[in-house]
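Enquirer: For the protein sequence lines, the chains are A and B, in the order given. When you line the first sequence up against my numbering, it's residues 47 to 427, in that order. When you line the second sequence up against my numbering, it's residues 4 to 85, in that order. Got a structure for you, written out below as structure tokens; questions coming shortly.
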Amino acid sequence: MPHRVFAMSVTKGSPDFGAVTNFEDGEATIALRGTMTQGAAFVLEAILDAAIDRQPASMVLDVAELDFLGVAELLTISNAEKRLAISGVTLTLRSPSALVNRLLGIMELAEVSRRERALPEHGHLGPEQLGDRGALSERFASSLSAEDLRRVTALPADPDVIDGALRLIVELARISIGGADGVSVSLLRHGVLSTVAASDQTIMAMDADQYSTGQGPCVDASITGHWFHAESLDTETRWPAFTPQARGLGIKAILSSPLRVFDKPVGALNIYSRKAESFEVKDQESAAVFARQASVILSDSRADVSDTQMAFRFQEALRSRKVISLAEGVIMEREGIDEEDAFSALLRLALSEGVPLRERAEAMVLSAKQPELGPEWELDD
Amino acid sequence: MIERGRSPLDVLDTYRQEAGLSHGELWLRYFELGGMSTGFDVEAFLYGMLAPSDHDHDVIAQALNERFKELGGDHPVPYATV
Numbered sequence: 047m048p049h050r051v052f053a054m055s056v057t058k059g060s061p062d063f064g065a066v067t068n069f070e071d072g073e074a075t076i077a078l079r080g081t082m083t084q085g086a087a088f089v090l091e092a093i094l095d096a097a098i099d100r101q102p103a104s105m106v107l108d109v110a111e112l113d114f115l116g117v118a119e120l121l122t123i124s125n126a127e128k129r130l131a132i133s134g135v136t137l138t139l140r141s142p143s144a145l146v147n148r149l150l151g152i153m154e155l156a157e158v159s160r161r162e163r164a165l166p167e168h169g170h171l172g173p174e175q176l177g178d179r180g181a182l183s184e185r186f187a188s189s190l191s192a193e194d195l196r197r198v199t200a201l202p203a204d205p206d207v208i209d210g211a212l213r214l215i216v217e218l219a220r221i222s223i224g225g226a227d228g229v230s231v232s233l234l235r236h237g238v239l240s241t242v243a244a245s246d247q248t249i250m251a252m253d254a255d256q257y258s259t260g261q262g263p264c265v266d267a268s269i270t271g272h273w274f275h276a277e278s279l280d281t282e283t284r285w286p287a288f289t290p291q292a293r294g295l296g297i298k299a300i301l302s303s304p305l306r307v308f309d310k311p312v313g314a315l316n317i318y319s320r321k322a323e324s325f326e327v328k329d330q331e332s333a334a335v336f337a338r339q340a341s342v343i344l345s346d347s348r349a350d351v352s353d354t355q356m357a358f359r360f361q362e363a364l365r366s367r368k369v370i371s372l373a374e375g376v377i378m379e380r381e382g383i384d385e386e387d388a389f390s391a392l393l394r395l396a397l398s399e400g401v402p403l404r405e406r407a408e409a410m411v412l413s414a415k416q417p418e419l420g421p422e423w424e425l426d427d
Numbered sequence: 004m005i006e007r008g009r010s011p012l013d014v015l016d017t018y019r020q021e022a023g024l025s026h027g028e029l030w031l032r033y034f035e036l037g038g039m040s041t042g043f044d045v046e047a048f049l050y051g052m053l054a055p056s057d058h059d060h061d062v063i064a065q066a067l068n069e070r071f072k073e074l075g076g077d078h079p080v081p082y083a084t085v
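Here it is, written out as structure tokens:
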């Protein structure tokens with residue numbers, strides 16, 4: 047008989063989350079649901095501590111109902127996992143959604159990139175060091191292979207969740223890329239470039255200065271889809287209207303990596319440094335990886351990138367639907383059958399002729415039209 | 004007819020992965036062919052969590068098969084009514 051020891055639901059503004067802890071045969075199962083960001087880490091830490099204090103033989107975090115979690119919450123889970131590991135208890139993650147998996151994957155990237163930088167060995171990781179280093183457990187990391195990441199492609203199209211994921215990328219890029227004093231993501235939405243996530247107000251102002259002058263690596267990367275690296279703004283000549291403003295805010299180097307959706311540039315991941323020549327090749331590579339992750343999130347979500355290409359694809363889709371529906375109408379009238387049977391009939395025709403369904407539908411609509419259109423539509427042999 | 008015994012509903016998502024389509028991209032192709040279900044429902048069909056109607060199954064199968072054809076392949080996904 048499961049024994050429920052802790053159940054709560056917290057609402058902070060619109061995003062809310064809940065946690066229910068159950069104990070059964072020495073196994074603690076904590077089911078999390080909702081959106082865990084902005085202070086949820088403290089509540090989560092208390093919940094995990096309470097469960098760990100009961101010395102379970104094993105612990106399961108059920109995150110099937112969890113929509114989103116921020117970097118502080120990821121670190122909290124990572125810390126709990128470490129504490130449990132000391133007493134030989136394993137922490138298992140159950141049914142993460144595609145998004146949570148993606149977030150863990152991004153976290154892993156940040157972790158790998160930090161490990162590659164060969165930081166000195168650290169002692170105990172306390173919450174006071176949260177912003178300083180990301181530590182995701184080996185188990186979480188190893189449970190997500192690169193293959194898994196490629197397969198995980200579904201994301202809810204909720205713009206809030208997308209922006210949250212982009213904010214997480216900004217935060218992780220800032221703590222894991224050497225020389226990064228500030229990071230932002232710019233996105234073209236409805237044809238206008240704007241900042242959807244930034245690590246602080248200076249960075250926000252940096253981006254805004256680029257939009258208003260129409261100059262800068264961020265603008266150029268977003269429009270051309272190429273990366274731009276301003277190694278030292280003291281000697282930079284490419285953006286004369288913008289560079290003095292950046293220098294005025296103490297920025298000395300900028301690295302902008304393009305974000306692409308369906309191969310079209312839609313924005314940029316911008317990394318700012320107060321020191322000139324601070325981005326090494328390794329940092330540039332890390333930036334490219336984070337930019338790619340952001341691009342994947344945007345592509346998968348069909349987010350409001352409001353790209354002309356997306357608009358075009360939808361137009362095409364609607365045109366295709368219309369022609370297929372017209373062809374079904376022709377068959378329905380001819381055969382006296384319903385719409386779904388008409389679709390099957392059309393499908394059989396397309397398959398027997400080895401042509402795509404839309405093409406077969408177009409041919410059918412055209413042939414049905416011809417008698418009405420008169421002789422001028424007949425082709426000369 | 005699709006072979007119910009082999010539980011082809013479970014493998015629909017495997018076909019999607021082989022076809023290299025994201026869920027969003029497959030849904031758009033399904034929508035293009037006249038599909039009426041939401042992206043959420045289509046995902047549930049792919050994972051076998053919801054059983055599609057024969058019609059829905061065939062629209063998804065055709066979307067996948069047309070993709071396989073683009074890639075120079077055959078029509079590996081079985082239909083329900085054809």
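All C-beta atoms in this analysis are idealised placements derived from N, C-alpha and C, irrespective of residue type, glycine included.
From the DSSP secondary-structure annotation, give me the bridge partner or partners of A:Lys310.
Expert: A:Val307, per the DSSP bridge assignment.
Enquirer: Verify whether the separation of the beta carbon atoms of A:Leu274 and A:Asp266 is less than 7 Å.
Expert: One detail in the question is off: residue 274 of chain A reads as Phe in this sequence, not Leu. Going by C-beta atoms, A:Phe274 is nearer than 7 Å to A:Asp266.
Enquirer: Here's a check: name, in chain order, each residue in its chain whose Cβ is nearer than 8 Å to the Cβ of B:Phe48, leaving out the five neighbours to either side.
Expert: Taken in chain order, the residues that qualify are Leu12, Leu15, Ser40, Ala54, Pro55, Asp59, His60, Ile63.
Enquirer: Anything in chain B within Cβ reach of A:Ser371, meaning under 9 Å, just list it in chain order.
Expert: Under the 9 Å cutoff, chain B gives Gly37.
Enquirer: Kindly indicate which residue of A:Ile98, A:Thr81, A:Phe325 has the alpha-carbon position closest to the one of A:Gly224.
Expert: It is A:Phe325 whose Cα lies nearest to the Cα of A:Gly224.
Enquirer: Starting from A:Ile249, trace the alpha helix (DSSP H) both ways and give me its first and last residue.
Expert: Taken as a continuous stretch (DSSP letters only), the alpha helix (DSSP H) holding A:Ile249 covers 247-259.
Enquirer: Given a limit of 9 Å on CB to CB distance, which residues of the segment 255-289 of chain A reach chain B?
Expert: The residues in question: there are none.
Enquirer: Please work out which residues of its chain come closer than 6 Å, Cβ to Cβ, to A:Ser352, disregarding the five sequence neighbours upstream and downstream, and give them in chain order.
Expert: With a pLDDT of only 46 at A:Ser352, under the threshold of 50, the placement of this residue in the model should not be trusted; the figure read from the coordinates follows. Cβ within range, chain order: Arg235, His236.
Enquirer: Which runs of the alpha helix (DSSP H) at least 4 residues long sit entirely within the segment 367-405 of chain A? Give them in chain order.
Expert: Fully enclosed alpha helix (DSSP H) runs of 4 or longer: 385-399.
Enquirer: Contact between the segment 357-376 of chain A and the segment 243-252 of chain A is defined here as three or more beta-carbon pairs at a separation below 8 Å; is this criterion met?
Expert: Result no; under three Cβ-Cβ pairs closer than 8 Å.
Enquirer: Beta-carbon of B:Phe34 versus every beta-carbon of chain A: anything under 7 Å?
Expert: It does: the Cβ of B:Phe34 has a partner Cβ on chain A nearer than 7 Å.
Enquirer: Quick one: which residues of the segment 382-399 of chain A get their C-beta closer than 7 Å to a C-beta of chain B? List them in chain order.
Expert: Cβ contacts with chain B come from Glu386, Phe389, Ser390, Leu393, Arg394, Leu397.
Enquirer: Give the straight-line distance between the Cα atoms of A:Ala363 and B:Arg32, rounded to the nearest whole angstrom.
Expert: Answer to the nearest angstrom: the Cα atoms are 8 Å apart.
Enquirer: If we cut at 7 Å on Cβ distances, does A:Ser341 have a partner in chain B?
Expert: For A:Ser341, the answer is no, since every Cβ of chain B falls outside 7 Å of its Cβ.
Enquirer: Note the first and the last residue of the continuous alpha helix (DSSP H) segment covering B:Val62.
Expert: Segment 57-73, the alpha helix (DSSP H) holding B:Val62.
Enquirer: What is the rounded straight-line gap between the Cα of B:Arg70 and the Cα of A:Ser398?
Expert: Computed Cα separation, rounded: 17 Å.
Enquirer: Rounded to the nearest angstrom, what separates A:Leu218 and A:Gln101 at their Cα positions?
Expert: One C-alpha to the other measures close to 32 Å.
Enquirer: How many whole angstroms separate the CB atoms of A:Ser268 and A:Ala314, which I take to be in contact at a CB cut-off of 8 Å?
Expert: Right, their Cβ atoms sit about 5 Å apart.
Enquirer: Beta-carbon within less than 6 Å of B:His78's beta-carbon, same chain only, minus the 5 sequence neighbours each way: which residues are those?
Expert: Only Asn68 meet the Cβ criterion.
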